[in-house]
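A quick write-up on the structure given underneath.
See the structure below:
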């Protein structure tokens, strides 16, 4: 909705307010959707993954898995990785759809850009490769979130000290490192791959 | 069966184990006693292969555990049961699922056979009727019992107990020791018990190892320990 406001006022300076739809669509699908959805998932799910695995580490549940002759990676990391790979593109798609309709609510209903202009121009300028770019980004962000959060939780007793303080540090580090990696990786994907 | 030879380990320059050597025969149960921070749990984790020694070795039936790869370590752990100090039950699983977990994941037994085996094991440790409860819903003593059931459900040849009675009241602690003894009679496992329960634990063990400042201070039978005139042991016995 903010994007709708800002986009409309910026475009209307050049007499291009008809392009509000493509602007909101491209910004959300290619950039803001994947990145903001990933940052939100990092804050909510990444921290939970790191804390849960960290607590399993300090309460010796991971040692118990090892002593049963089972591979802890299979039980702790693989399910989180698969969940992230499935959920992040879906959440990004939801974010994009809600964002596009939010932009229409402001641009169309409040500021007078017609629905035909908003969605018609968007359909004209937004291509399949733009949608794929967003999906590829969200998939790679899913890998980053699952990998960093699991790693930080799994090694919380080793790299961040033992006990609850170690888990707390691991959780903080998981969120900070995931967020920074998402932004850096987003830059590289945008600049090199697309 | 279990041979520990000149085991040494230090953390951040602090020597925790300075050359521990002893041997546990098949079917024997040893008590590992000593002051807090004396390296008992560290020693137990070396036997389980959870830690690598700086020097020395742990061998089981002639196979070195301390320097072995993941494959042979996994094969050794098929024969091993470990009772953790805090139980280490999985929070997200019920008592039943905790005990059934190793069987479900590793064996090819049918659901009915697993169910029967788990319920029998829970009955053996006095937890019948608690199988649907979660670790957060049961007492410390019940957590230890459930953890014991999980450790024993695969009929291990070797059992390691890390302070099985710590944090429990004397009556519950005594009942856990009795339970360990009855399980030993039933399964004839080779065991090492890290404990502070002196002299109660002496009723269920064959040998006692006393660790002091990273070294074996005494190795002998419970009566050797009780009759020792060593001032360190006397101080440990009399508080």
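Chains as they are written, first to last, in the numbering used here: chain A, 33 to 226; chain B, 2 to 240.
For every residue, glycine included, the Cβ atom is placed at its ideal position computed from N, Cα and C.
Since we're looking at a predicted model, the values are computed, not measured.
With 7 Å as the threshold, decide whether the Cβ of residue i is near any Cβ in chain A.
i, result
"residue 103/B", "yes"
"residue 112/B", "no"
Is there a Cβ from chain B that is less than 7 Å from the Cβ of residue i?
i, result
"residue 100/A", "yes"
"residue 162/A", "no"
"residue 77/A", "no"
"residue 96/A", "yes"
Out of curiosity, what's the CA-to-CA distance linking residue i and residue j?
i, j, result
"residue 222/B", "residue 190/B", "19 Å"
"residue 172/B", "residue 178/B", "10 Å"
"residue 234/B", "residue 55/B", "28 Å"
"residue 110/B", "residue 92/B", "24 Å"
"residue 107/A", "residue 122/B", "25 Å"
"residue 145/A", "residue 170/A", "30 Å"
"residue 163/A", "residue 223/A", "17 Å"
"residue 24/B", "residue 2/B", "7 Å"
"residue 141/A", "residue 131/A", "15 Å"
"residue 52/B", "residue 74/B", "12 Å"
"residue 199/A", "residue 86/A", "5 Å"
"residue 49/B", "residue 97/B", "25 Å"
"residue 66/B", "residue 119/B", "29 Å"
"residue 89/B", "residue 96/A", "7 Å"
"residue 99/A", "residue 91/A", "14 Å"
"residue 130/B", "residue 168/B", "24 Å"
"residue 188/B", "residue 26/B", "15 Å"
"residue 156/A", "residue 51/A", "10 Å"
"residue 48/A", "residue 195/A", "58 Å"
"residue 158/A", "residue 57/A", "7 Å"
"residue 20/B", "residue 167/A", "58 Å"
"residue 240/B", "residue 46/B", "27 Å"
Go through its chain and collect everything with a Cβ distance to residue i's Cβ below 6 Å, but skip five positions before and after it.
i, result
"residue 36/B", "none"
"residue 67/A", "218"
"residue 135/B", "95"
"residue 136/A", "150"
"residue 128/A", "60, 61 and 65"
"residue 205/A", "184"
"residue 33/A", "134 and 138"
Please list, in chain order, the chain B residues whose beta carbon lies closer than 7 Å to that of residue i.
i, result
"residue 91/A", "87 and 89"
"residue 83/A", "Result: empty, since nearest Cβ-Cβ is about 12 Å, beyond 7 Å."
Quick one: residues in its chain with C-beta nearer than 7 Å to the C-beta of residue i, no 5 flanking neighbours on either side, listed in chain order?
i, result
"residue 213/A", "176 and 180"
"residue 30/B", "185, 192, 194, 205, 206 and 207"
"residue 227/B", "200"
"residue 18/B", "8, 9, 10, 40, 43, 44 and 215"
"residue 101/B", "115 and 119"
"residue 189/A", "89, 90 and 198"
Report all residues from its chain with a CB closer than 8 Å to the CB of residue i; omit the five preceding and five following residues, and keep chain order.
i, result
"residue 82/B", "152, 153, 155, 157, 159, 160, 161 and 190"
"residue 198/B", "166, 174 and 178"
"residue 225/B", "209 and 219"
List, in order along the chain, the chain A residues whose C-beta lies closer than 8 Å to that of residue i?
i, result
"residue 106/B", "100 and 102"
"residue 78/B", "98, 99, 100 and 101"
Taking C-beta pairs closer than 8 Å, name the residues in chain B that residue i reaches, listed in chain order.
i, result
"residue 59/A", "Result: empty, since nearest Cβ-Cβ is about 40 Å, beyond 8 Å."
Can you list the residues of chain A that residue i reaches, using a CB-CB cut of under 7 Å?
i, result
"residue 83/B", "99"
Taking 7 Å as the CB-CB cut-off, is residue i touching chain D?
i, result
"residue 42/B", "No chain D is part of this structure, whose protein chains are labelled A and B."
Legend entry - Positions along the region 48-76 of chain B whose CB lies within less than 7 Å of some CB in chain A: 49, 51 and 75
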